[in-house]
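Visitor: Using full-length UniProt numbering, you'd call the opening residue of the sequence shown number 1 and step up by one each time.
To start, I am sharing the structure in question, which I have written as structure tokens.
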Amino acid sequence: MSSKSEPKDVHQLNGTGPAASPCSSDSPGREPLAGTSEFLGPDEAGVDVVVIESRANAKGIREEDALLENGSQSNESDDISTDHGPAPPSPLKETSFSIGLQVLFPFLLAGFGTVAAGMVLDIVQHWEVFQKVTEVFILVPALLGLKGNLEMTLASRLSTAANIGHMDTPKELWRMITGNMALIQVQATVVGFLASIAAVVFGWIPDGHFSIPHAFLLCASSVATAFIASLVLGMIMIGVIIGSRKIGINPDNVATPIAASLGDLITLALLSGISWGLYLELDDWQYIYPLVCAFFVALLPVWVVLARRSPATREVLYSGWEPVIIAMAISSVGGLILDKTVSDPNFAGMAVFTPVINGVGGNLVAVQASRISTFLHMNGMPGENSEQAPRRCPSPCTTFFSPDVNSRSARVLFLLVVPGHLVFLYTISCMQGGHTTLTLIFIVFYMTAALLQVLILLYIADWMVHWMWGRGLDPDNFSIPYLTALGDLLGTGLLALSFHVLWLIGDRDTDVGD
């Protein structure tokens with residue numbers, strides 16, 4: 001191997017490991033290299049050879065401690081280094097206690113955010129715009145799921161980049177910020193537009209009624225909400241990830257839940273306010289609806305140009321549409337279920353509990369998917385590592401009870417479901433939300449639905465992330481949209497089933513208010 005073959009790799013590894021095997025040099029008159037002591041001279045080309053030859057050994061050391069903990073560096077990284085620039089921090093192993101401690105606060109914060117979103121939906125469901133244009137309910141899971149499709153994917157992508165040292169210099173940091181912010185604006189505008197089309201179609205098919213003004217109202221509300229929410233939440237996510245790295249917290253544990261903590265509330269508040277404001281102009285200023293849509297669509301070329309400048313987002317700009325569009329369609333099916341149940345007195349409480357159960361499930365599985373993806377990225381690039389080949393059908397025992405770090409984190413996240421939901425249900429009860437009494441049998445059915453939802457999602461995440469990795473797809477960009485959309489569909493479906501069973505056995509004590 002020539003000493004000039006990979007001049008930039010010297011900045012990526014510490015070069016620890018045994019002496020390199022002898023090799024000959026391309027330069028005339030240079031003696032064959034026989035050991036490490038002969039490399040460490042002023043000749044910089046010789047240093048390059050040492051680093052390249054010891055790549056496998058350095059990689060083996062990093063595989064051992066692949067799960068990230070940002071405290072201090074291990075003693076193994078104190079060996080002689082040939083780095084000429086900042087090296088990525090060496091991670092330490094995480095215990096179940098440390099995982100739970102780091103996840104707990106963001107999880108509760110995110111949960112209270114979903115509770116607040118549920119309370120908002122419980123109030124706005126009686127607004128005239130929601131009563132007259134019922135397709136707005138179909139937009140709710142789709143746009144709340146957009147937070148999972150975009151903001152959580154952004155958080156996972158930036159967390160991985162931060163943990164593997166791709167945001168250590170100001171130049172790299174600025175490139176990652178501008179590229180990713182432009183990317184999510186493109187995705188938010190397009191997916192918001194498609195979500196409005198899905199809402200119109202799903203609303204038209206059962207009733208056979210189509211209203212052009214209502215269609216333009218849905219389109220303007222959806223695109224404006226998606227654009228503004230993504231802009232605000234994206235800026236918050238960047239601040240969270242940079243701050244967590246500075247104070248020594250693993251961004252994978254906190255970024256995605258914090259993205260959700262404000263995501264549901266901000267998105268739902270924007271959707272309600274924008275749709276209500278536009279609805280007031282339905283009779284006199286209908287032309288404003290296409291103007292709103294045209295304004296945000298006209299900005300698309302600007303965001304596309306900015307996203308293409310960053311190598312980290314250029315590939316996603318071209319190939320990352322399939323997961324967000326399919327996830328939007330899946331979430332819209334959950335929205336159709338919500339649209340058909342929220343106005344039924346037998347399903348009183350669906351409006352306030354749906355964002356909670358969907359949000360908690362999506363938050364937990366997003367944390368797990370982000371952690372597994374980071375673990376795989378520490379060992380190579382997607383599709384490279386045969387040792388990380390996808391498991392065709394992983395055993396539930398392997399997913400939840402094996403000794404590896406990903407199984408440990410799955411157990412911790414699953415154990416957070418019951419205490420977390422008990423806190424959130426108590427909060428809703430104290431705020432007198434949902435127009436429903438929390439009986440023991442209701443709590444049992446609700447907890448069963450929540451546990452089954454998270455159990456299925458964690459199992460699917462274990463299979464999906466490894467499968468995508470083996471196919472050469474980056475799980476940070478492809479897995480989380482599918483998983484959060486499935487969380488919306490499972491949560492809404494299981495919750496509606498629980499309410500239906502409770503109605504059949506006569507345990508629904510409701511007090512439907514205005």
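Glycine included, each C-beta is placed from N, C-alpha and C at the ideal position.
(1) For Thr134, which residues of its own chain have a beta-carbon under 8 Å away from its beta-carbon, when the five flanking residues on both sides are left out?
(2) Taking Leu265 as the reference, which of Gly335, Ala155, Met176, Val232 has the closest Cα?
(3) Hey, which unbroken runs of the alpha helix (DSSP H) at 4 residues or more fall wholly within the UniProt domain "SLC41A/MgtE integral membrane" (354-497)?
(4) Just to confirm, is the Cβ distance from Ser156 to Asp476 under 8 Å?
(5) Please confirm if the stretch 289-300 is in contact with the stretch 445-465, defined as three or more CB-CB distances below 8 Å between the two stretches.
(6) Near Leu494, which residues of its chain fall below 7 Å by C-beta distance, leaving aside the five closest residues on each side in sequence?
(7) Give the secondary structure of Leu299 by DSSP, where H, G and I count as helix, E and B as strand, and everything else as coil.
(8) Count the C-beta pairs between the stretch 95-111 and the stretch 408-428 that are closer than 8 Å, then say yes if the count reaches three, no if not.
(9) What's the gap between the Cα of Gln187 and the Cα of Leu440?
(10) Roughly how many whole angstroms lie between the Cα atoms of Met237 and Leu154?
(11) Could you tell me the boundaries of the alpha helix (DSSP H) in which Glu281 lies?
(12) Who are the Cβ neighbours of Gly361 in its own chain at under 6 Å, not counting the five residues just before and after it?
(13) Could you give the distance in angstroms between the alpha-carbon of Asp168 and the alpha-carbon of Ala162?
(14) In its own chain, which residues sit with a C-beta less than 8 Å from the C-beta of Gly359, not counting the 5 before and 5 after it?
(15) So the candidates are Glu128, His500, Leu104; which of them puts its Cα closest to the Cα of Tyr279?
(16) With a threshold of 8 Å, are at least 3 pairs of Cβ atoms found where one atom belongs to the stretch 163-182 and the other to the stretch 213-227?
(17) Does the Cβ-Cβ distance between Asp462 and Thr374 come in under 8 Å?
(18) Quick check: the Cα distance between Ile247 and Leu146, rounded to an integer number of angstroms?
(19) Measuring straight from C-alpha to C-alpha, what distance separates Gly420 and Ser429?
(20) Specify, as a first and last residue, the run of the alpha helix (DSSP H) that Gly243 falls within.
(21) CB Val305 to CB Leu317, shorter than 8 Å?
(22) What is the DSSP secondary structure of Gln102, reduced to helix, strand or coil?
(23) Restricting to Cα atoms, I'd like to know which of Leu158, Ile326, Leu268 is closest to Pro141.
(24) Taking its Cβ as the centre, do 16 or more other Cβ atoms sit within 10 Å of Gly243, making it buried, or is it exposed?
(25) Would you decide whether residue 595 is buried or exposed? Buried here means 16 or more other CB atoms lie within 10 Å of its CB.
(26) To which residues of the same chain is Asn253 closer than 6 Å at the C-beta, ignoring the five residues directly before and after it?
(27) What would DSSP say about Gly506, mapped onto helix, strand or coil?
(28) Can you tell me which of Met431, Tyr459, Leu422 puts its alpha carbon nearest to the alpha carbon of Phe401?
(29) Give the secondary structure of Thr178 by DSSP, where H, G and I count as helix, E and B as strand, and everything else as coil.
(30) Compute the Euclidean distance between the alpha carbons of Gly320 and Trp467, then round it to the nearest angstrom.
(31) Do Ala195 and Leu139 have their beta-carbon atoms positioned less than 8 Å apart in this structure?
Guide: Looking at the coordinates:
(1) Gly203, Asp339, Ser343
(2) Val232
(3) 396-401, 405-415, 417-430, 440-470
(4) yes
(5) no
(6) Ala449, Leu452, Gln453
(7) coil
(8) yes
(9) 43 Å
(10) 8 Å
(11) Looking at the DSSP string, Glu281 is not in any alpha helix (DSSP H), and its letter there is neither H nor E.
(12) Gln453, Val454, Leu457, Gly487, Gly491
(13) 7 Å
(14) Ala110, Gly111, Gly113, Thr114, Ala117, Leu144, Ala260, Asp264
(15) Glu128
(16) no
(17) no
(18) 29 Å
(19) 14 Å
(20) 212-246
(21) no
(22) helix
(23) Leu268
(24) exposed
(25) With the chain represented from 1 up to 514, any question about residue 595 goes unanswered, as that position is not in the structure.
(26) Gln102, Val103
(27) coil
(28) Tyr459
(29) helix
(30) 17 Å
(31) yes
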